[in-house]
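**Student:** So in my numbering, spot 117 of the sequence shown is number 130, and the numbers just go up one at a time.
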Amino acid sequence: MHYLFVYGTLRRTADHAMHQVLKNQAEWVADGSVPGKLYLVDWYPALISTTQHEERVQGEVYLLANPEKTFFELDPYEGYYPDDEAHSDYLRQQETVQLSDGSSVTAWVYVYNLPIIGLSQITSGDFMKR
Numbered sequence: 014m015h016y017l018f019v020y021g022t023l024r025r026t027a028d029h030a031m032h033q034v035l036k037n038q039a040e041w042v043a044d045g046s047v048p049g050k051l052y053l054v055d056w057y058p059a060l061i062s063t064t065q066h067e068e069r070v071q072g073e074v075y076l077l078a079n080p081e082k083t084f085f086e087l088d089p090y091e092g093y094y095p096d097d098e099a100h101s102d103y104l105r106q107q108e109t110v111q112l113s114d115g116s117s118v119t120a121w122v123y124v125y126n127l128p129i130i131g132l133s134q135i136t137s138g139d140f141m142k143r
């Protein structure tokens with residue numbers, strides 16, 4: 014099974030047109046969180062992974078019906094170029110996501126790949142509560 018953790022404009026309540034990709038191609042599983050820090054880049058967030066488990070980024074987990082098709086649409090939107098990761102804005106990598114019921118899954122997550130100098134941290138860890 015392939016899961017995807019989203020924390021910004023792809024969330025249901027973000028009301029962004031790209032959420033339709035998930036709505037049409039995936040099934041919402043649960044709310045969840047990953048260790049990390051969240052920053053505001055412009056009108057969208059950036060997740061930086063950390064090993065500090067007390068710092069968490071909130072989001073949603075989706076079960077992907079056809080991961081290849083979904084990533085074909087989402088990777089360019091996220092600025093992830095599998096054949097050129099050095100020039101990607103984000104990297105798609107697997108992380109352990111803690112679900113709202115306390116269980117966990119391994120899910121794909123888009124992690125920011127550019128410097129965070131000058132970016133404001135979203136201290137709540139929740140893009141929807143910035």
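Each residue gets a CB set at the ideal place from its N, CA and C atoms; glycine is no exception.
1) Going by DSSP, what residues sit across from G58 in a beta bridge?
2) Residues bridged to L104 by DSSP?
3) With a threshold of 8 Å (Cβ to nearest heavy atom), would Y16 be considered close to the ligand SAM?
4) Look at the Cβ atom of Q71, then the Cβ atom of G45, and state whether they are nearer than 9 Å.
5) By the 10 Å Cβ neighbour count, where 16 or more other Cβ atoms means buried, how is G144 classified, buried or exposed?
6) Note down, in chain order, each residue of its chain lying with its Cβ closer than 7 Å to the Cβ of H66, except the 5 sequence neighbours on either side.
7) Specify, as a first and last residue, the run of the alpha helix (DSSP H) that Y94 falls within.
8) Closer than 7 Å by C-beta to P80: which residues in its own chain qualify, once you throw out the five before and the five after it? Chain order, please.
**Tutor:** In this structure, then:
1) With the sequence shown as reference, residue 58 is identified as Pro, and Gly is not the correct amino acid for it. Answer by DSSP bridge pairing, in chain order: L53.
2) Residue pairing of L104 in beta bridges, as defined by DSSP: V124.
3) Of ligands this structure carries none, so the ligand SAM is not represented either.
4) In contact: Q71 and G45 (Cβ atoms closer than 9 Å).
5) Any property of residue 144 remains undetermined from this structure, which presents the chain solely from 14 to 143.
6) So the qualifying residues of the chain are P48.
7) Looking at the DSSP string, Y94 is not in any alpha helix (DSSP H), and its letter there is neither H nor E.
8) For P80, same chain residues with a beta-carbon under 7 Å away, outside a window of 5 residues either side, are H15 in chain order.
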